[in-house]
Amino acid sequence: MSGPIVVTRHEGWAELRIDREDKRNSMNRESRQGLLKAFDELRGVAKAIVITGTGGSFCAGMDLKEREVDRVAGIEGAGDEWIAVNMAIRAHSSIFIAAVNGIALGGGSTLLNVCDLAVASTKASIGCPEMGFSTYPGMAGPAAQLSGITRKQAAWLVLTTNRIDGATAERWGMVNECVEPDRLLPRAAEIAAQVAQFDGVALAESKKALDRIPAFITDWQEAMDHGQMVNLTIRSKTNAQAEGNARFAAGIKNPGQG
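The numbers in the working numbering rise by one with no breaks, and the one at position 189 of the sequence shown is 353.
Right, here's the structure in full:
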């Protein structure tokens, strides 16, 4: 795929690299559309998707220069488009792994936090600069809190504009691991390849369950019951898939019948 989103396919998984190094990999319209297109093309193909940036940045958030040009021209919707990209990750059947190679600011930290798993370089720098512009980080703030960090930790990012490094992000639980820069992509690839070994239906349904508990289900009995329902759903979908494959294979073997 040409453009600001570079797609590299591997067996069972894929890497998406934001390629706008001169703009610190900020998200312009073409980048947002490129990500959505890549998500669609990889649905049902890649069980795991690694997202990373080019050069010294993961993603510096929204392309503010393009957004200002749009506003002067009376064009709105960039924020809604970026929300749509992040919600597409949460709704996608693939497991998303952020490989945070450098600066992740504002929308970049949102992108990190909506991913299912994350590995950060020791050179990562994560923050929410919005308060410096007298505004609340309308996506990065909620995403930080939903990532599971404490209120005080989220407040540190939202209220002070101070950045945290990869080691701090790991200590806070915002990323799973912090590694040296030369180990970042190899480690993300190892995790993606490991995930890609598993059943796609089980991965997708487990991802949904991780979002439901404890966000919507907090009662222990209800949570245990929901866990059983998730496994029933996995078995049902897996059996239906197997039956469909068998019918398809029989149709190829015996064309003209049925």
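Glycine included, each C-beta is placed from N, C-alpha and C at the ideal position.
Is it right to say residue i is buried, meaning 16 or more other beta carbons lie within 10 angstroms of its own, or is it exposed?
i	result
R411	exposed
F203	buried
P168	buried
M226	buried
F297	exposed
Q317	buried
P301	buried
S195	buried
V209	exposed
R399	exposed
Pull up the distance between the alpha-carbon of residue i and that of residue j, whole angstroms please.
i	j	result
D383	D389	10 Å
L374	A406	25 Å
L275	L349	17 Å
A187	A360	In the sequence as displayed, the identity of residue 187 is Lys instead of Ala. Cα-Cα distance, rounded: 32 Å.
G422	A404	With a pLDDT of 46 at G422, under the threshold of 50, the modelled position of this residue cannot be trusted, and the question is left open.
D244	I259	23 Å
H174	E334	27 Å
K371	T299	32 Å
L269	A331	16 Å
I290	D329	6 Å
H256	E294	28 Å
A357	R351	10 Å
With a threshold of 7 Å on Cβ separation, who are the neighbours of residue i within its own chain once the five nearest residues in sequence on each side are excluded?
i	result
I247	M303
G271	M191, C223, G225, M226, W246, M303 and A304
Might you give, ordered along the chain, the residues of its own chain that have their beta carbon closer than 8 Å to the beta carbon of residue i, omitting 5 neighbours on each side?
i	result
I313	W336, G337 and M338
E344	S285 and T286
R315	Q309
From the DSSP output, read off the bridge partner residues of residue i.
i	result
R173	A178
T216	R181 and A263
L269	G291
E341	V283
I328	I290
S190	According to DSSP, S190 bridges with nothing at all.
Excluding the five sequence neighbours on either side, which residues of its own chain have a C-beta within less than 6 Å of the C-beta of residue i, listed in chain order?
i	result
G176	K211 and A360
E179	T172 and V214
G217	I182, N189, C223 and N265
Do three or more CB pairs link the region 278-289 to the region 250-264 at distances below 8 Å? yes
Would you be able to state if there are at least three C-beta pairs under 8 Å between the region 233-241 and the region 194-213? Touching, no.
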